[in-house]
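The sequence shown: position 349 = 1238 (our numbering), numbered continuously.
Even for Gly, the Cβ is constructed at its ideal location relative to N, Cα and C.
All values reported here derive from a predicted model rather than from experimental measurement.
One structure is given here, and the rest of the page talks about it.
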Amino acid sequence: MVGRQGPVVGRRSLIGAGLGVGVGAAVFGAGGAGVAYAAGGSARRRGLGFLAAAMDGYPDHGSVRLAQSYSDQAGLFSTAFTYDNALAVLAQLADRTAGGLGRAVVLGDALLYAQEHDPVYDDGRLRQAYNVGPYTFFDGSLQPDGFVRADGTANVGTQFGFTGTAVGDMAWAGIALSALARRTGARRFLDGAVRIGTWIDRVGRTDEPLGGYKFGVNGADEKLPFTSTEHNTDLVCLFGRLALLTGDRVWRERRARAEAFVNKMWEPAGGFFYTGTNDGVTVNKSPIPEDTQTWTHLALDSRSYSRSLDWAAAELAVVDHAGRRNSTVPTGQTYEGVTFSSASLVANEDAPIAEFQPKPDRSGVWFEGTAHLALALRDRSRAGDETRARRLVASIERAQDLLGAGQTVGGHALPERSGVVSASSPLDTGFGFGYYPYRHVGATAWYLLAAMRTNPLRA
(Lines of atoms letter the chains of each structure in order from A and count residues from 1; the text may use other names and numbers.)
(Lines give C-alpha, C1' and ligand atoms only; values in the text may rest on other atoms or scores of the structure.)
Protein backbone atom coordinates (compact mmCIF):
# COMPACT_ATOMS: atom_id res chain seq x y z
CA MET A 1 0.00 0.00 0.00
CA VAL A 2 1.08 3.56 -0.64
CA GLY A 3 -0.35 5.99 1.88
CA ARG A 4 -4.06 5.29 2.35
CA GLN A 5 -4.55 4.01 -1.14
CA GLY A 6 -6.18 0.60 -1.13
CA PRO A 7 -5.56 -2.23 -3.54
CA VAL A 8 -5.96 -1.75 -7.25
CA VAL A 9 -8.84 -3.85 -8.55
CA GLY A 10 -9.03 -4.99 -12.17
CA ARG A 11 -12.09 -5.56 -14.32
CA ARG A 12 -11.71 -9.32 -14.08
CA SER A 13 -11.63 -9.18 -10.28
CA LEU A 14 -15.24 -8.13 -9.90
CA ILE A 15 -16.97 -11.47 -10.27
CA GLY A 16 -15.25 -12.96 -7.23
CA ALA A 17 -17.72 -10.98 -5.14
CA GLY A 18 -20.59 -11.68 -7.51
CA LEU A 19 -20.48 -8.23 -9.13
CA GLY A 20 -21.21 -7.63 -12.76
CA VAL A 21 -19.15 -6.48 -14.39
CA GLY A 22 15.11 -5.74 -9.42
CA VAL A 23 14.70 -9.07 -8.11
CA GLY A 24 17.93 -10.08 -6.28
CA ALA A 25 21.10 -10.61 -8.25
CA ALA A 26 20.26 -14.27 -8.71
CA VAL A 27 16.77 -15.72 -8.79
CA PHE A 28 15.40 -18.92 -10.17
CA GLY A 29 14.63 -18.90 -13.86
CA ALA A 30 12.48 -20.87 -16.22
CA GLY A 31 14.17 -24.14 -15.46
CA GLY A 32 15.01 -23.40 -11.84
CA ALA A 33 18.56 -22.20 -12.49
CA GLY A 34 19.79 -18.84 -11.21
CA VAL A 35 19.71 -15.94 -13.64
CA ALA A 36 20.66 -12.30 -13.27
CA TYR A 37 18.70 -9.30 -14.54
CA ALA A 38 20.67 -6.30 -15.70
CA ALA A 39 19.46 -2.75 -16.18
CA GLY A 40 19.65 -1.22 -19.63
CA GLY A 41 19.25 -3.03 -22.91
CA SER A 42 16.46 -2.53 -25.42
CA ALA A 43 12.95 -1.60 -24.34
CA ARG A 44 11.75 -5.07 -25.34
CA ARG A 45 14.51 -6.79 -23.35
CA ARG A 46 13.62 -4.71 -20.31
CA GLY A 47 9.95 -5.56 -20.71
CA LEU A 48 10.81 -9.24 -20.84
CA GLY A 49 13.06 -8.74 -17.82
CA PHE A 50 10.08 -7.43 -15.88
CA LEU A 51 7.98 -10.45 -16.83
CA ALA A 52 10.80 -12.67 -15.58
CA ALA A 53 11.11 -10.74 -12.33
CA ALA A 54 7.34 -10.92 -11.74
CA MET A 55 7.55 -14.67 -12.29
CA ASP A 56 10.58 -15.17 -10.02
CA GLY A 57 9.60 -13.01 -7.05
CA TYR A 58 9.32 -15.87 -4.54
CA PRO A 59 12.29 -18.22 -5.11
CA ASP A 60 11.81 -19.99 -1.78
CA HIS A 61 8.25 -21.12 -2.55
CA GLY A 62 8.57 -23.76 -5.21
CA SER A 63 9.36 -24.02 -8.90
CA VAL A 64 5.69 -24.39 -9.93
CA ARG A 65 4.68 -20.77 -10.16
CA LEU A 66 2.77 -17.98 -11.83
CA ALA A 67 3.79 -14.34 -12.22
CA GLN A 68 2.63 -11.73 -9.71
CA SER A 69 0.40 -9.41 -11.74
CA TYR A 70 1.23 -6.01 -10.23
CA SER A 71 4.12 -4.52 -8.33
CA ASP A 72 3.78 -4.70 -4.55
CA GLN A 73 2.81 -1.04 -4.37
CA ALA A 74 -0.59 -1.82 -5.94
CA GLY A 75 -1.70 -3.39 -2.66
CA LEU A 76 -2.67 -6.76 -4.12
CA PHE A 77 0.32 -8.52 -2.57
CA SER A 78 1.24 -11.70 -4.48
CA THR A 79 -1.96 -11.92 -6.55
CA ALA A 80 -1.48 -13.56 -9.95
CA PHE A 81 -4.42 -13.05 -12.30
CA THR A 82 -5.08 -15.86 -14.76
CA TYR A 83 -5.55 -13.35 -17.60
CA ASP A 84 -2.20 -11.67 -16.98
CA ASN A 85 -0.36 -14.96 -16.89
CA ALA A 86 -1.94 -16.09 -20.14
CA LEU A 87 -0.64 -12.90 -21.72
CA ALA A 88 2.79 -13.50 -20.24
CA VAL A 89 2.86 -16.91 -21.95
CA LEU A 90 1.98 -15.32 -25.29
CA ALA A 91 4.55 -12.53 -24.93
CA GLN A 92 7.30 -15.00 -24.03
CA LEU A 93 6.41 -17.14 -27.05
CA ALA A 94 6.48 -14.05 -29.26
CA ASP A 95 10.09 -13.48 -28.20
CA ARG A 96 11.10 -16.57 -30.25
CA THR A 97 14.01 -17.48 -27.98
CA ALA A 98 14.79 -20.67 -26.07
CA GLY A 99 14.60 -18.73 -22.81
CA GLY A 100 11.22 -17.29 -23.69
CA LEU A 101 9.89 -20.72 -24.63
CA GLY A 102 11.17 -22.15 -21.36
CA ARG A 103 9.40 -19.51 -19.32
CA ALA A 104 6.20 -19.89 -21.33
CA VAL A 105 6.22 -23.64 -20.67
CA VAL A 106 6.68 -23.09 -16.92
CA LEU A 107 3.72 -20.70 -16.82
CA GLY A 108 1.62 -23.00 -19.00
CA ASP A 109 2.36 -25.94 -16.72
CA ALA A 110 1.36 -23.81 -13.73
CA LEU A 111 -2.00 -23.07 -15.36
CA LEU A 112 -2.44 -26.79 -15.91
CA TYR A 113 -1.49 -27.40 -12.28
CA ALA A 114 -4.17 -24.95 -11.14
CA GLN A 115 -6.69 -26.66 -13.41
CA GLU A 116 -5.84 -30.10 -12.03
CA HIS A 117 -5.41 -29.16 -8.36
CA ASP A 118 -8.33 -26.86 -7.60
CA PRO A 119 -9.29 -27.19 -3.92
CA VAL A 120 -13.00 -27.62 -4.74
CA TYR A 121 -13.66 -28.38 -8.42
CA ASP A 122 -12.46 -30.98 -10.90
CA ASP A 123 -14.18 -29.72 -14.02
CA GLY A 124 -11.43 -27.90 -15.92
CA ARG A 125 -12.05 -24.41 -14.59
CA LEU A 126 -9.46 -21.86 -13.53
CA ARG A 127 -10.10 -19.16 -10.93
CA GLN A 128 -9.71 -15.46 -11.50
CA ALA A 129 -6.49 -15.27 -9.53
CA TYR A 130 -4.09 -17.12 -7.26
CA ASN A 131 -1.56 -16.24 -4.56
CA VAL A 132 2.06 -16.93 -5.48
CA GLY A 133 3.87 -15.90 -2.30
CA PRO A 134 3.37 -15.25 1.42
CA TYR A 135 2.06 -12.02 2.91
CA THR A 136 0.17 -10.58 5.85
CA PHE A 137 -3.26 -9.36 4.80
CA PHE A 138 -4.70 -5.98 5.81
CA ASP A 139 -6.61 -7.56 8.71
CA GLY A 140 -3.42 -9.07 10.12
CA SER A 141 -4.07 -12.62 8.92
CA LEU A 142 -1.15 -14.51 7.46
CA GLN A 143 -1.15 -16.00 3.96
CA PRO A 144 1.86 -18.30 4.31
CA ASP A 145 1.96 -20.32 1.09
CA GLY A 146 3.29 -19.98 -2.40
CA PHE A 147 1.30 -20.95 -5.49
CA VAL A 148 1.17 -24.56 -4.31
CA ARG A 149 -0.30 -24.86 -0.83
CA ALA A 150 1.03 -27.26 1.78
CA ASP A 151 -1.73 -29.75 0.92
CA GLY A 152 -0.84 -29.66 -2.79
CA THR A 153 -3.81 -27.61 -3.94
CA ALA A 154 -3.51 -24.42 -5.98
CA ASN A 155 -3.56 -21.33 -3.77
CA VAL A 156 -6.77 -19.59 -4.88
CA GLY A 157 -6.92 -15.85 -4.17
CA THR A 158 -9.61 -15.97 -1.51
CA GLN A 159 -8.35 -12.93 0.42
CA PHE A 160 -9.64 -10.53 -2.22
CA GLY A 161 -12.53 -12.72 -3.31
CA PHE A 162 -10.89 -13.70 -6.60
CA THR A 163 -12.60 -17.08 -6.56
CA GLY A 164 -15.02 -16.84 -9.46
CA THR A 165 -14.39 -17.89 -13.04
CA ALA A 166 -14.90 -15.55 -15.98
CA VAL A 167 -15.31 -16.86 -19.52
CA GLY A 168 -12.86 -14.24 -20.78
CA ASP A 169 -10.14 -15.29 -18.35
CA MET A 170 -10.69 -18.92 -19.26
CA ALA A 171 -10.59 -18.11 -22.97
CA TRP A 172 -7.24 -16.34 -22.67
CA ALA A 173 -5.79 -19.24 -20.70
CA GLY A 174 -7.05 -21.57 -23.44
CA ILE A 175 -5.49 -19.34 -26.11
CA ALA A 176 -2.16 -19.45 -24.27
CA LEU A 177 -2.30 -23.22 -23.85
CA SER A 178 -3.24 -23.72 -27.50
CA ALA A 179 -0.28 -21.55 -28.51
CA LEU A 180 1.99 -23.74 -26.37
CA ALA A 181 0.48 -26.83 -27.98
CA ARG A 182 1.31 -25.44 -31.42
CA ARG A 183 4.85 -24.48 -30.46
CA THR A 184 5.82 -27.57 -28.47
CA GLY A 185 3.57 -30.29 -29.83
CA ALA A 186 2.95 -31.36 -26.22
CA ARG A 187 -0.44 -33.03 -25.88
CA ARG A 188 -0.97 -31.84 -22.30
CA PHE A 189 -1.37 -28.23 -23.41
CA LEU A 190 -4.00 -29.08 -26.03
CA ASP A 191 -5.85 -31.28 -23.52
CA GLY A 192 -5.92 -28.38 -21.05
CA ALA A 193 -7.24 -25.99 -23.69
CA VAL A 194 -9.96 -28.47 -24.68
CA ARG A 195 -11.03 -28.82 -21.02
CA ILE A 196 -11.32 -25.03 -20.85
CA GLY A 197 -13.38 -24.84 -24.03
CA THR A 198 -15.64 -27.63 -22.82
CA TRP A 199 -16.25 -25.88 -19.49
CA ILE A 200 -17.07 -22.62 -21.26
CA ASP A 201 -19.58 -24.30 -23.57
CA ARG A 202 -21.24 -26.14 -20.69
CA VAL A 203 -21.46 -23.18 -18.33
CA GLY A 204 -21.60 -20.18 -20.64
CA ARG A 205 -23.78 -21.25 -23.59
CA THR A 206 -27.09 -19.42 -23.66
CA ASP A 207 -30.19 -19.53 -25.83
CA GLU A 208 -31.27 -16.01 -24.91
CA PRO A 209 -32.29 -13.80 -27.85
CA LEU A 210 -28.84 -12.24 -28.27
CA GLY A 211 -27.15 -15.62 -27.89
CA GLY A 212 -23.44 -16.09 -27.40
CA TYR A 213 -21.72 -17.17 -24.19
CA LYS A 214 -22.41 -15.61 -20.81
CA PHE A 215 -19.97 -14.11 -18.33
CA GLY A 216 -19.18 -17.08 -16.09
CA VAL A 217 -19.75 -17.81 -12.40
CA ASN A 218 -19.10 -15.96 -9.17
CA GLY A 219 -17.29 -17.32 -6.14
CA ALA A 220 -20.40 -19.22 -5.03
CA ASP A 221 -20.54 -20.96 -8.44
CA GLU A 222 -23.66 -19.02 -9.40
CA LYS A 223 -24.04 -18.16 -13.07
CA LEU A 224 -23.85 -14.46 -13.87
CA PRO A 225 -26.45 -12.85 -16.18
CA PHE A 226 -24.16 -10.69 -18.30
CA THR A 227 -22.84 -11.42 -21.78
CA SER A 228 -19.67 -9.65 -22.88
CA THR A 229 -18.58 -8.66 -26.37
CA GLU A 230 -14.98 -8.94 -25.21
CA HIS A 231 -15.46 -12.49 -23.90
CA ASN A 232 -17.17 -13.69 -27.04
CA THR A 233 -14.42 -12.11 -29.14
CA ASP A 234 -11.89 -14.14 -27.15
CA LEU A 235 -13.94 -17.25 -27.88
CA VAL A 236 -13.83 -16.62 -31.62
CA CYS A 237 -10.09 -17.16 -31.33
CA LEU A 238 -10.12 -20.01 -28.81
CA PHE A 239 -12.83 -22.06 -30.50
CA GLY A 240 -11.28 -21.40 -33.91
CA ARG A 241 -7.94 -22.70 -32.69
CA LEU A 242 -9.49 -25.77 -31.13
CA ALA A 243 -11.23 -26.51 -34.41
CA LEU A 244 -7.90 -26.39 -36.22
CA LEU A 245 -5.92 -28.32 -33.61
CA THR A 246 -8.44 -31.07 -32.90
CA GLY A 247 -10.21 -31.38 -36.26
CA ASP A 248 -13.49 -31.62 -34.35
CA ARG A 249 -16.26 -29.73 -36.18
CA VAL A 250 -18.11 -28.98 -32.94
CA TRP A 251 -15.66 -26.15 -32.25
CA ARG A 252 -16.62 -24.50 -35.55
CA GLU A 253 -20.25 -24.36 -34.41
CA ARG A 254 -19.19 -22.89 -31.07
CA ARG A 255 -17.00 -20.32 -32.78
CA ALA A 256 -19.90 -19.32 -35.03
CA ARG A 257 -22.14 -18.87 -31.99
CA ALA A 258 -19.64 -16.54 -30.32
CA GLU A 259 -19.03 -14.59 -33.53
CA ALA A 260 -22.77 -14.15 -34.12
CA PHE A 261 -23.08 -12.44 -30.74
CA VAL A 262 -20.17 -10.12 -31.51
CA ASN A 263 -21.75 -9.18 -34.85
CA LYS A 264 -24.94 -8.19 -33.06
CA MET A 265 -23.00 -5.70 -30.93
CA TRP A 266 -21.90 -3.68 -33.99
CA GLU A 267 -23.23 -0.12 -34.31
CA PRO A 268 -22.95 0.72 -38.03
CA ALA A 269 -23.93 4.36 -37.63
CA GLY A 270 -21.07 5.06 -35.24
CA GLY A 271 -18.59 2.46 -36.42
CA PHE A 272 -17.98 0.77 -33.08
CA PHE A 273 -18.96 -2.22 -30.93
CA TYR A 274 -21.08 -2.05 -27.79
CA THR A 275 -19.90 -3.72 -24.61
CA GLY A 276 -22.54 -6.47 -24.45
CA THR A 277 -25.81 -7.13 -22.64
CA ASN A 278 -26.89 -7.31 -19.01
CA ASP A 279 -29.93 -9.51 -19.59
CA GLY A 280 -29.43 -11.33 -22.90
CA VAL A 281 -32.17 -9.27 -24.53
CA THR A 282 -31.18 -5.60 -24.54
CA VAL A 283 -27.85 -4.23 -25.78
CA ASN A 284 -25.97 -2.25 -23.13
CA LYS A 285 -25.04 0.95 -24.96
CA SER A 286 -22.92 2.67 -22.34
CA PRO A 287 -20.08 2.83 -21.51
CA ILE A 288 -18.25 1.91 -24.71
CA PRO A 289 -14.88 0.28 -23.94
CA GLU A 290 -11.68 0.29 -25.94
CA ASP A 291 -10.99 -3.42 -26.07
CA THR A 292 -14.21 -4.27 -27.89
CA GLN A 293 -12.97 -2.06 -30.74
CA THR A 294 -9.45 -3.46 -31.07
CA TRP A 295 -9.81 -7.10 -30.07
CA THR A 296 -12.66 -7.56 -32.53
CA HIS A 297 -10.34 -6.52 -35.34
CA LEU A 298 -7.56 -8.77 -34.11
CA ALA A 299 -9.90 -11.77 -33.86
CA LEU A 300 -12.21 -11.25 -36.83
CA ASP A 301 -9.92 -9.55 -39.37
CA SER A 302 -13.00 -8.07 -40.99
CA ARG A 303 -12.88 -5.08 -43.32
CA SER A 304 -16.53 -4.48 -42.54
CA TYR A 305 -15.68 -3.70 -38.92
CA SER A 306 -12.23 -2.14 -39.18
CA ARG A 307 -13.69 1.35 -38.65
CA SER A 308 -13.77 0.45 -34.97
CA LEU A 309 -10.03 1.18 -34.81
CA ASP A 310 -10.59 4.69 -36.10
CA TRP A 311 -13.38 5.17 -33.57
CA ALA A 312 -11.11 4.13 -30.70
CA ALA A 313 -8.21 6.24 -31.96
CA ALA A 314 -10.41 9.33 -32.24
CA GLU A 315 -13.03 9.00 -29.53
CA LEU A 316 -10.90 7.56 -26.72
CA ALA A 317 -7.71 9.55 -27.39
CA VAL A 318 -6.07 11.21 -24.38
CA VAL A 319 -2.91 13.17 -23.63
CA ASP A 320 -1.69 13.23 -20.03
CA HIS A 321 0.78 15.67 -18.47
CA ALA A 322 1.36 17.38 -15.15
CA GLY A 323 -0.94 20.27 -16.04
CA ARG A 324 -3.99 18.03 -16.15
CA ARG A 325 -6.27 17.94 -13.14
CA ASN A 326 -5.45 14.99 -10.84
CA SER A 327 -2.57 13.91 -13.06
CA THR A 328 0.34 12.18 -11.32
CA VAL A 329 2.68 12.53 -14.30
CA PRO A 330 5.92 14.29 -13.31
CA THR A 331 6.54 17.77 -14.65
CA GLY A 332 8.02 17.80 -18.12
CA GLN A 333 6.61 14.43 -19.18
CA THR A 334 3.74 13.86 -21.64
CA TYR A 335 2.03 10.62 -22.65
CA GLU A 336 -0.47 9.96 -25.41
CA GLY A 337 -2.72 7.00 -26.06
CA VAL A 338 -6.27 5.93 -25.31
CA THR A 339 -8.31 5.56 -22.16
CA PHE A 340 -10.40 2.60 -21.03
CA SER A 341 -13.90 3.65 -22.11
CA SER A 342 -16.17 6.52 -23.06
CA ALA A 343 -17.05 6.86 -19.36
CA SER A 344 -13.41 7.47 -18.44
CA LEU A 345 -13.52 10.74 -20.37
CA VAL A 346 -16.35 12.14 -18.22
CA ALA A 347 -15.35 10.69 -14.84
CA ASN A 348 -16.10 12.79 -11.77
CA GLU A 349 -12.75 14.37 -10.97
CA ASP A 350 -14.04 15.67 -7.63
CA ALA A 351 -14.63 12.22 -6.13
CA PRO A 352 -12.35 9.23 -5.49
CA ILE A 353 -12.59 6.35 -7.94
CA ALA A 354 -13.46 4.09 -4.99
CA GLU A 355 -13.00 4.08 -1.22
CA PHE A 356 -9.38 4.81 -0.28
CA GLN A 357 -8.56 5.46 -3.95
CA PRO A 358 -7.41 8.76 -5.48
CA LYS A 359 -9.46 11.04 -7.69
CA PRO A 360 -9.33 10.20 -11.41
CA ASP A 361 -7.58 12.04 -14.20
CA ARG A 362 -9.85 12.11 -17.25
CA SER A 363 -6.76 12.19 -19.44
CA GLY A 364 -5.01 9.23 -17.85
CA VAL A 365 -3.50 6.97 -20.53
CA TRP A 366 -4.41 3.27 -20.27
CA PHE A 367 -1.21 1.70 -21.57
CA GLU A 368 -2.61 -1.79 -22.03
CA GLY A 369 -5.35 -0.44 -24.28
CA THR A 370 -2.86 1.80 -26.06
CA ALA A 371 -0.88 -1.34 -26.91
CA HIS A 372 -4.08 -3.05 -28.12
CA LEU A 373 -4.62 -0.17 -30.53
CA ALA A 374 -1.00 -0.05 -31.71
CA LEU A 375 -1.04 -3.76 -32.52
CA ALA A 376 -4.42 -3.59 -34.24
CA LEU A 377 -3.30 -0.66 -36.40
CA ARG A 378 -0.18 -2.57 -37.40
CA ASP A 379 -2.30 -5.59 -38.18
CA ARG A 380 -4.71 -3.55 -40.34
CA SER A 381 -1.78 -1.80 -42.09
CA ARG A 382 -3.64 0.91 -43.97
CA ALA A 383 -2.01 4.18 -45.00
CA GLY A 384 -0.94 6.02 -41.86
CA ASP A 385 -1.56 3.09 -39.51
CA GLU A 386 2.11 2.29 -38.95
CA THR A 387 2.95 5.91 -38.20
CA ARG A 388 0.18 6.08 -35.60
CA ALA A 389 1.22 2.76 -34.13
CA ARG A 390 4.82 3.88 -33.76
CA ARG A 391 3.77 7.00 -31.85
CA LEU A 392 1.70 4.89 -29.48
CA VAL A 393 4.49 2.37 -28.92
CA ALA A 394 6.95 5.20 -28.32
CA SER A 395 4.65 6.62 -25.65
CA ILE A 396 4.48 3.23 -23.93
CA GLU A 397 8.25 2.83 -24.06
CA ARG A 398 8.71 6.30 -22.57
CA ALA A 399 6.38 5.26 -19.75
CA GLN A 400 8.47 2.13 -19.15
CA ASP A 401 11.56 4.32 -18.88
CA LEU A 402 10.13 6.99 -16.60
CA LEU A 403 7.07 5.82 -14.65
CA GLY A 404 6.94 3.34 -11.77
CA ALA A 405 10.52 3.76 -10.56
CA GLY A 406 11.40 2.14 -7.27
CA GLN A 407 8.62 -0.43 -7.32
CA THR A 408 9.08 -4.00 -6.13
CA VAL A 409 7.82 -7.57 -6.49
CA GLY A 410 7.95 -9.82 -3.47
CA GLY A 411 9.83 -7.08 -1.66
CA HIS A 412 12.67 -7.20 -4.21
CA ALA A 413 13.57 -4.19 -6.33
CA LEU A 414 12.56 -4.56 -9.96
CA PRO A 415 15.19 -4.10 -12.67
CA GLU A 416 15.45 -0.43 -13.58
CA ARG A 417 13.25 0.87 -16.40
CA SER A 418 11.47 -2.45 -16.73
CA GLY A 419 7.75 -3.07 -16.91
CA VAL A 420 4.90 -0.86 -18.10
CA VAL A 421 2.53 0.70 -15.58
CA SER A 422 -1.20 0.19 -16.05
CA ALA A 423 -1.99 3.88 -16.44
CA SER A 424 -0.11 7.17 -16.57
CA SER A 425 -2.36 8.58 -13.83
CA PRO A 426 -5.31 7.18 -11.87
CA LEU A 427 -8.20 6.60 -14.28
CA ASP A 428 -11.79 5.57 -13.73
CA THR A 429 -12.88 2.87 -16.15
CA GLY A 430 -16.59 3.57 -15.75
CA PHE A 431 -17.12 -0.08 -14.78
CA GLY A 432 -16.67 0.37 -11.03
CA PHE A 433 -12.89 0.23 -10.71
CA GLY A 434 -9.75 2.05 -11.77
CA TYR A 435 -6.23 1.67 -13.11
CA TYR A 436 -3.14 3.24 -11.55
CA PRO A 437 0.59 3.85 -12.20
CA TYR A 438 1.80 0.42 -11.03
CA ARG A 439 3.95 -1.87 -13.12
CA HIS A 440 1.74 -4.56 -14.57
CA VAL A 441 2.30 -7.90 -16.28
CA GLY A 442 -0.75 -7.46 -18.53
CA ALA A 443 0.23 -4.00 -19.78
CA THR A 444 3.82 -5.10 -20.32
CA ALA A 445 2.81 -8.25 -22.20
CA TRP A 446 0.52 -6.31 -24.52
CA TYR A 447 3.29 -3.79 -25.15
CA LEU A 448 5.62 -6.63 -26.13
CA LEU A 449 3.03 -8.16 -28.44
CA ALA A 450 2.56 -4.78 -30.13
CA ALA A 451 6.32 -4.17 -30.38
CA MET A 452 6.90 -7.64 -31.80
CA ARG A 453 3.87 -7.40 -34.11
CA THR A 454 2.33 -10.60 -32.79
CA ASN A 455 -1.45 -10.95 -32.94
CA PRO A 456 -2.55 -13.33 -30.13
CA LEU A 457 -6.19 -13.43 -31.27
CA ARG A 458 -5.85 -14.81 -34.77
CA ALA A 459 -6.85 -18.48 -34.92
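Query	Result
With a 10 Å radius around its C-beta and 16 neighbouring C-beta atoms as the bar for buried, classify Val-994 as buried or exposed.	buried
Mind pulling the beta strand (DSSP E) runs of 3 or more residues that sit fully within the region 935–1015?	968–970
At the level of alpha carbons, what is the spacing between Ala-999 and Gly-991?	13 Å
Apart from the five residues on each side of it in sequence, which residues of its chain come closer than 7 Å, Cβ to Cβ, to Leu-1133?	Ala-1348
For Ala-942, is the classification buried or exposed, using 16 other Cβ atoms within 10 angstroms of its Cβ as the cut-off for buried?	buried
Straight-line CA distance for Gly-1293 to Gln-1032?	26 Å
Can you tell me where the alpha helix (DSSP H) holding Gly-1029 begins and where it ends?	Unbroken run through Gly-1029: none, as it is neither H nor E.
Could you tell me whether any non-hydrogen atom of the ligand ATP is closer than 7 Å to the CB of Ala-1278?	This structure lacks the ligand ATP; in fact it carries no ligand of any kind.
Under a Cβ-count criterion, where at least 16 other Cβ atoms within 10 Å of its own Cβ denotes burial, should Ser-1233 be classed as buried or exposed?	buried
How many Å lie between Pro-1304 and Gly-938 at the Cα?	7 Å
Check Asn-1020 in the structure and name its three-state DSSP category.	strand
Per DSSP, which one or two residues make a beta bridge with Gly-1226?	Val-1207
Would you mind giving the Cβ-Cβ distance between Leu-940 and Ala-977, rounded to the nearest angstrom? I have them listed as a contact below 8 Å.	5 Å
Spatial neighbours of Arg-893 within its chain, please: C-beta separation below 7 Å, excluding the five flanking residues on both sides.	Since pLDDT at Arg-893 reaches only 30, below the 50 mark, its modelled position is unreliable, and no value is offered.
For Phe-1128, which residues of its own chain have a beta-carbon under 7 Å away from its beta-carbon, when the five flanking residues on both sides are left out?	Gly-1086, Trp-1140, Arg-1143, Arg-1144, Ala-1147
Note the first and the last residue of the continuous alpha helix (DSSP H) segment covering Gln-1289.	1274–1291
DSSP state of Val-1254, grouped into three classes?	coil
Using a 10 Å radius around the Cβ and a threshold of 16 neighbouring Cβ atoms, would you call Pro-1315 buried or exposed?	buried
Could you check where the alpha helix (DSSP H) with Gly-1129 kicks off and where it finishes?	1118–1135
Looking at C-alpha atoms only, which residue of Tyr-1010, Val-1037, Tyr-1336 is the closest neighbour of Pro-1110?	Note on identity: in this sequence residue 1110 is Asp, with Pro being the wrong assignment. The candidate whose alpha carbon is nearest that of Asp-1110 is Tyr-1010.
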